[in-house]
Structures are given as structure tokens and as C-alpha cells.
Amino acid sequence: MLLNCPSCATKYVVPDNAIGVNGRQVRCANCKHSWFQQGPELAARTDAPEMAQNPPIPPAPKVAAPKVAAPTIATQETPQQQATQHDAAQQQTQQQLTQQHETPPPAPSIQDEQNRPSQQAVFEEITKIKEKLSRPKGEDNFQGENDQDIGQVAQHMQDVSVSHFSHEPPFKPRRNPAKLWTIAAIIFALIIAGAAGALAYFGPPSFFTQYSQKEPDLKIVLPKNFKHGETGDGTKYFIASGTIVNPTSKKVDIPVMIVTLRDAKGIKVHQWEMNPPVAQLAPGATVDFSEAQLDVPRRATKLFISWKLN
């Protein structure tokens with residue numbers, strides 16, 4: 001059977017059984033164009049119809065002459081009886097032909113289906129043959145050895161479309177969104193941990209400290225004695241006191257102070273903020289500060305005062 005591609009006019013010679021009686025969808029190996037190819041026309045059967053149209057007419061039965069002395073008239077079939085017998089014979093012949101045509105073909109057995117090649121093997125063979133046929137060639141080059149390959153492709157395509165019992169490869173597993181989100185969370189946590197470690201080891205970047213408030217040119221002088229007090233009703237308290245000194249030759253603004261109490265091991269046990277007694281301090285001037293704090297832990301033995309910088 002000769003196939004012509006409607007798109008690129010490439011010609012293929014394939015066996016008639018590759019297309020089948022009902023036709024099938026085919027694709028050109030040169031330009032990848034697909035079309036539906038009709039099956040080959042079958043020769044009309046003339047044996048049975050001729051028998052149905054011209055059934056044999058049974059001959060009229062011969063009537064023997066009676067051996068009696070007296071003359072008698074021989075009986076013959078009338079034309080109406082002959083027509084009835086002809087119709088009955090024709091109807092019987094038509095019923096036999098109808099039964100022959102209506103008998104369904106035998107169903108394919110399971111053993112025949114199991115002997116067919118698997119779809120995966122057929123697809124691999126088709127892929128190899130398509131790669132071989134995809135090379136640029138002229139119209140004449142498709143004859144010869146490529147005709148056999150095209151027939152194999154058509155036969156394999158027919159086997160795949162007919163087989164319903166061959167083994168099929170499993171479907172590809174779907175991606176698990178929960179697993180992807182877990183991996184993304186782990187990567188994000190590693191990035192944050194690395195950034196925190198770099199910040200702790202190298203310190204903040206320079207552009208962070210560039211815009212922060214500078215520490216004032218002031219000195220804080222603290223007393224040497226650190227003592228806890230107690231009111232008449234037994235309430236514990238502590239008085240944080242000291243002196244602020246301006247050693248410069250210009251006025252300096254005094255920021256808020258942070259008072260920190262630590263124990264003998266240097267662990268912070270208490271902290272609060274203290275407002276300065278004045279907002280500015282003149283050049284070379286000093287000012288004393290003092291503030292009491294209740295419910296201070298008894299293990300606090302060291303006093304530290306620093307500036308609160310914005």
C-alpha cells in the first residue's frame with residue numbers, strides 16, 4: 001500500500017495489514033504531520049449474492065401413467081403451487097446467508113494477548129526507528145531498507161492500540177508539597193543561623209553604627225562603697241548615686257542612664273533606667289545624681305552605670 005503525506009508529499013510503501021480495514025491515524029517521519037489513512041477497499045463478494053438472487057428452481061415431478069384399464073387423467077402441479085415452492089426455497093437460502101454473516105468472529109484469547117510485546121518495549125523500538133528515520137533524506141531514500149522499518153512501526157502501533165492486557169509501566173510519582181516546604185524551611189533556618197553567627201563574630205556592619213548616637217564625652221564617678229539599706233518596716237532598698245563630670249570645653253547633653261546590678265560572678269540580677277538631674281552640663285562642671293530602688297536582690301554586689309544611646 002502506498003501512503004502520500006498531504007503536507008510534504010513524502011511517499012511511503014507499507015503493507016496493507018499495517019493500516020487495517022477500518023484505517024488508522026498515521027504520522028509522517030519527515031515533517032511530523034499526522035492524518036487519518038483510510039483502509040484498502042475489499043473486493044465485493046459475488047458468490048453468495050448470486051446464489052441468493054438466482055436460486056435453483058426444482059424440476060417438476062414426473063407423474064407415471066397409471067396401469068389401469070380405464071383411462072384416467074394425470075394430475076400436474078398448478079403454477080400457483082410452483083411459485084409457492086420457489087418462494088420457500090428462496091427464503092431458506094436467504095436465512096442461511098444471514099446466519100453466516102451475523103455470526104460474530106471469535107474473541108481473542110488471553111494467551112494471545114499475553115504473548116504480545118509490552119507497551120514499554122514497543123515504545124522503545126518505535127523511538128529508535130523514529131530517530132533513524134528523522135535524518136534528512138530525499139523522497140527516493142524512503143524506499144528499500146526504510147520500507148521495512150515503516151512496516152514495523154505500523155505493526156507495533158497496531159499491536160499497542162489493540163492490546164488491553166499487556167504490562168504498563170507505573171506512573172511517575174507526584175511531587176510532595178510538604179516535603180518541598182520542609183526543605184525550604186531547613187534552608188531558610190540555615191541562612192538565618194549563619195547570619196546570626198556572622199553578626200556575633202564580626203559585629204554589626206558599619207552602616208548600622210554610622211547612624212547611631214555617639215557616646216557623650218562625659219565621665220561617671222561612682223562611690224566605692226556598695227551598701228543595701230532597710231526602711232523602718234523592713235523593706236529592702238538600694239540607692240544608686242554618683243557624679244557626672246564634663247571634662248570638655250563645651251556644653252554636653254546628658255542622656256538617660258542605665259543602672260545595672262550584678263552579683264559576685266558578674267551575672268545581671270537587676271536593671272532600670274535613671275533620668276539625669278539636668279539636661280545639659282556646662283564645660284568643666286559636675287553634677288551629682290542619686291536614686292533609690294526597692295526590692296533589690298541581696299546578692300547584688302556590683303554597680304554599673306552606662307548611657308542609653310538611641
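Take the sequence shown: its letter number 245 is residue 245 in full-length UniProt numbering, and every next letter is one higher. We treat Cβ as the ideally placed atom computed from N, Cα and C, and that holds for glycine. Everything numeric in this text was worked out from a predicted model, so none of it was measured.
Return the residue from the list the options that minimises the CA-CA distance to residue i.
| i | options | result |
| --- | --- | --- |
| D11 | L222, K224 and N30 | It is worth fixing the name first, because residue 11 is Lys in this sequence and not Asp. The candidate whose alpha carbon is nearest that of K11 is N30. |
| I220 | Y201, T231, G229 and S241 | S241 |
| E291 | A300, G284 and M257 | M257 |
| I267 | E273, R299, W181 and D253 | R299 |
| P247 | F202, V269, I183 and T286 | T286 |
| D16 | A9, V26, S7 and L2 | L2 |
| P255 | G234, E230, G229 and L218 | L218 |
| E273 | K128, T235, V259 and N176 | V259 |
| Q280 | V245, R262 and L261 | V245 |
Quick check: what's the CA-CA separation for residue i versus residue j?
| i | j | result |
| --- | --- | --- |
| P216 | A178 | 54 Å |
| E131 | C28 | 13 Å |
| L309 | P276 | 14 Å |
| D288 | K227 | 18 Å |
| S249 | A282 | 8 Å |
| S306 | I192 | 31 Å |
| F238 | W181 | 54 Å |
| N4 | A89 | 50 Å |
| S34 | S134 | 15 Å |
| C8 | A184 | 51 Å |
| Q293 | G284 | 30 Å |
| V162 | Q119 | For V162, the predicted model reports a pLDDT of 49, less than 50, meaning its position is unreliable; a value from the coordinates is still stated below. Between V162 and Q119, the C-alpha separation is close to 11 Å. |
| I126 | V14 | 15 Å |
| K236 | V278 | 28 Å |
| T243 | F188 | 49 Å |
| I123 | Q94 | Reading off the sequence, residue 123 comes out as Phe, not Ile. Roughly 48 Å separates the two Cα atoms. |
| K32 | Q25 | 12 Å |
| K214 | I186 | 39 Å |
| N128 | A18 | The residue asked about is misnamed: residue 128 is Lys in this sequence, not Asn. C-alpha separation (whole angstroms): 19 Å. |
| P6 | N176 | 46 Å |
| T84 | Q92 | 13 Å |
| P205 | G234 | 50 Å |
| A196 | A121 | 56 Å |
Who does residue i pair with in a DSSP beta bridge?
| i | result |
| --- | --- |
| H33 | According to DSSP, H33 bridges with nothing at all. |
| D295 | Answer is none; D295 lacks a bridge partner. |
| W272 | V259 |
| I244 | I220 and V287 |
| L281 | V252 |
| V26 | W35 |
| I239 | A292 |
Secondary structure at residue i, three-state DSSP: helix, strand or coil?
| i | result |
| --- | --- |
| L303 | strand |
| V14 | coil |
| K132 | helix |
| K308 | coil |
| T93 | helix |
| T84 | helix |
| A196 | helix |
| K224 | coil |
| K219 | strand |
| I126 | helix |
| K250 | coil |
| Q38 | coil |
| I267 | coil |
| residue 319 | The shown model of the chain, from 1 to 310, leaves out residue 319, and the question about it has no answer. |
| V162 | Unreliable placement is indicated for V162, whose pLDDT of 49 sits below 50; no coordinate value is reported for it. |
If contacts are defined as beta-carbon pairs under 8 Å, then residue i and residue j qualify, I think. What distance do you get, rounded to the angstrom?
| i | j | result |
| --- | --- | --- |
| G23 | Q38 | 5 Å |
| L303 | L222 | 6 Å |
| H270 | V296 | 6 Å |
| A264 | T231 | Actually they are not in contact, since the Cβ atoms of A264 and T231 sit about 25 Å apart, beyond 8 Å. |
Determine, for residue i, whether the minimum Cβ-Cβ distance to residues of chain D falls below 8 Å.
| i | result |
| --- | --- |
| A89 | Note that chain D does not occur in the displayed structure, where there is just one protein chain. |
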